[in-house]
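**Student:**
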Amino acid sequence: METSKTSKKSVRTLSEIAFDMKRNWTNVNYAAKPYLDAMYSLNSVNDNYGFDSGKSIVLYFLSNASQFKGDKAKELKAELKALVK
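In our numbering, each residue's number is its place in the sequence shown (first place is 1) plus 56.
1. So what does DSSP say about residue 108, is it helix, strand or coil?
2. Using three-state DSSP, classify residue 57 as helix, strand or coil.
3. Which whole-angstrom value is the C-beta distance of residue 132 and residue 77, which I expect to be below 8 Å?
4. Nearest-angstrom Cα distance between residue 122 and residue 105?
5. Taking the C-alpha atoms as reference points, what is the distance between residue 40 and residue 116?
In structure tokens form, the structure reads like this:
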């Protein structure tokens, strides 16, 4: 059975999402910045950054990113939340 590539949305890496966030959030909150920086070097929530899991990095970022607002922010945060489910 053949599946259509257009029917499934491709999953982006954490680093791709992080770079997209940086482009859309010009003044990153100081508490969220270390986690955003860590995501630059991660492919997935299953990777580790030092002794921290990718999943914990994403969750810590989300908890410190309340100042990141707007339609694009909602979209990107939803993308991250879907990865940690």
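Backbone N, C-alpha and C fix where the C-beta goes; we use that ideal spot for every residue, glycine too.
**Tutor:** Here's the rundown:
1. Taking the sequence shown and counting its residues from 1, one reaches residue 108 at position 52. DSSP places residue 108 in strand when its eight states are reduced to three.
2. Position 1 of the sequence shown, counted from the start, is the residue given in the question as residue 57. With a pLDDT of 49 at residue 57, under the threshold of 50, the modelled position of this residue cannot be trusted; read the value that follows with caution. Residue 57 falls in the coil class under three-state DSSP.
3. Start at 1 with the first residue of the sequence shown, and residue 132 comes out as number 76. Start at 1 with the first residue of the sequence shown, and residue 77 comes out as number 21. With a Cβ gap of about 5 Å, residue 132 and residue 77 count as contacting.
4. Reading the sequence shown from its first residue, position 66 is the one you call residue 122. Reading the sequence shown from its first residue, position 49 is the one you call residue 105. Taking the straight line joining both Cα atoms gives about 23 Å.
5. Because the chain in this structure spans residues 57 to 141, residue 40 falls outside the shown range and cannot be described.
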